[in-house]
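See structure below.
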Amino acid sequence: MLISERLKTIIKLLADGEFHSGTELAEGLSVSRSAIWKQLNSLPSLGLGYKAVSGKGYRLNVPLELFTEEQIFQSLNVQARQFITLFEIHDQINSTNTYLMECARKNASSGFVCLAESQLNGKGRRGRDWVSPYGSNIYLSILWRFQQNGLASISGLSLAVGVAIIRALKHHHIENIGLKWPNDIFCEGKKLGGILVEASGESDGPCSVVIGLGLNFFLPETETENITQPWTDLSKITGQNRLPRNQITATMLNHLLPLIAGYEKDGIQAYIDEWRSYDCLKQKQATLHIGKHKIEGIVEGVDKNGMLLIKHSDGTIKSFASGEVSFSLS
Ligand code: BTN
């Protein structure tokens, strides 16, 4: 559903999670109470549940900390700031990754950061949708141009990005988060977030890369019926529904931007040992799905280039560059 200016204003007024009377909302927007009521009815389709109590008014089921450029920049460090050339926050967008890929085609430069409160067509890996309800998760993309070795220079980048995400979460004392090859952010066997790296350019010349991060802060149950894998969110993991979303986003950027900027020089080698320490597939019996093929075995970790190592029943170990791994929790 498209979000009107009127609806945005109502959401901003209700974001504090407190009750607001119909009269107060109507006065705030200079519209009738029935116009407010009509707008409130569309909140659930954005994933925003609310409660109406007679004599008190309306309040959101879960308070929101909406993105503001000011708050994010307050928590950005000097180094991260210097990498940002453009910074946009959208209330609603098709997909932050698709948008930045389009901007790359129109010559936008490295360091373009795009955030959205919601995505209409959020993209996951392997053509999946990324569920992107309004106002409570991170949908973040960064455009970067790599100058020299083309697509080879970004090999392993999505794994390194996973390391930056875990570092940022640790900074906020969010521990016990792991990585599931190649680039899922996992907690106790459930997916907390994902990374989608898209690239265009030459195999041995300059290339443009969009690094997209989706991180669940709070996913309303009403939005999750089409998610096909076990999922979790930060509110479940931490037991808090008032996490500082702006600060955490800034911390992500503090870790991500220098890593991306230095990646052409550093490569995956600078991150692979740390990646291994977060590996939540290691020594698990797993199935790797490559198209219609299934490869069974024990995961032996990743090699120095970030390829997945699987030990087969005959004891041989093979490495794989792509695919989707499934495993059981036991
Ligand atoms: C995955 O399937 O695990 C990757 C999910 C990536 C989702 C993020 S949300 C921000 C950016 N924009 C998109 O459309 N996708 C990525």
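Using the numbering used here, the first residue of the sequence shown is number 9, and each one after it goes up by one.
Using N, Cα and C, we set each Cβ at its ideal position, and we do this for glycine too.
From a predicted model like this one, the values you see are computed outputs, not experimental measurements.
| query | result |
| --- | --- |
| Thinking just about the alpha-carbon of each residue, which of 87, 93 and 48 is nearest to the one in residue 259? | 87 |
| I'd like the list of long-range same chain contacts for residue 179, defined as Cβ closer than 7 Å, with 5 residues on each side in sequence excluded. | 259 |
| Can we say the region 317-327 touches the region 187-196, given the rule of at least three CB pairs closer than 8 Å? | no |
| Flag this pair as yes or no: are the beta carbons of residue 171 and residue 279 separated by less than 7 Å? | yes |
| Is it buried or exposed, residue 238, if we count other Cβ atoms within 10 angstroms and call 16 or more buried? | exposed |
| Going by DSSP in three states, residue 127 sits in which element: helix, strand or coil? | strand |
| Using only alpha-carbon positions, find the residue among 325, 175, 299 and 249 that is nearest to residue 266. | 175 |
| If we cut at 7 Å on Cβ distances, does residue 126 have a partner in chain D? | Chain labels in this structure do not include chain D; a single protein chain is all it has. |
| Taking residue 163 as the reference, give the member of 217, 120, 200 and 127 with the closest Cα. | 217 |
| State the CB to CB distance for the pair residue 166 and residue 108, rounded to an integer number of angstroms; the pair is presumed to be in contact (CB under 8 Å). | About 16 Å; that fails the 8 Å criterion. |
| Count the CB pairs spanning the region 90-97 and the region 113-133 that are closer than 8 Å, and state whether there are at least three. | yes |
| Cα separation between residue 183 and residue 283? | 15 Å |
| Assuming the contact rule is C-beta atoms closer than 8 Å, residue 201 and residue 222 should be a hit. Round their C-beta distance to whole Å, please. | 6 Å |
| Over the uninterrupted alpha helix (DSSP H) stretch that includes residue 280, give me the two end residues. | 280-285 |
| Within the same chain, show all residues whose beta-carbon is closer than 8 Å to that of residue 331, passing over the 5 residues directly before and after it, in chain order. | 296, 297, 298, 303 and 316 |
| Checking 7 Å against the spacing of the C-beta atoms, do residue 159 and residue 208 come in under that value? | no |
| Which ranges does the alpha helix (DSSP H) cover as unbroken runs of at least 4 residues, wholly within the region 53-110, from first to last along the chain? | 77-82 and 86-91 |
| For residue 55 versus residue 142, is the C-beta spacing smaller than 7 Å? | yes |
| Evaluate residue 262 with the Cβ neighbour count: other Cβ atoms within 10 Å of its Cβ, from every protein chain shown; 16 or more gives buried, anything less gives exposed. | buried |
| Excluding five sequence neighbours on each side, which residues of the same chain lie with their C-beta closer than 7 Å to the C-beta of residue 151? | 108, 111, 112, 116, 118, 120, 216 and 218 |
| Applying the 10 Å Cβ sphere with the 16-neighbour rule, what's the burial state of residue 90? | exposed |
| Closer than 6 Å by C-beta to residue 27: which residues in its own chain qualify, once you throw out the five before and the five after it? Chain order, please. | 64, 65 and 67 |
| Is residue 253 closer than 7 Å to residue 35 when the C-beta atoms are compared? | no |
| If I follow the unbroken beta strand (DSSP E) through residue 319, where does it start and stop? | 316-319 |
| If you run the structure through DSSP and keep just helix, strand and coil, what is residue 167? | helix |
| By alpha-carbon positions, which one of 37, 29, 19 and 281 ends up nearest to residue 60? | 29 |
| Closest to residue 46 by C-alpha separation, out of 12, 241, 306 and 156, would be which residue? | 12 |
| Is the Cβ-Cβ distance between residue 139 and residue 203 less than 7 Å? | no |
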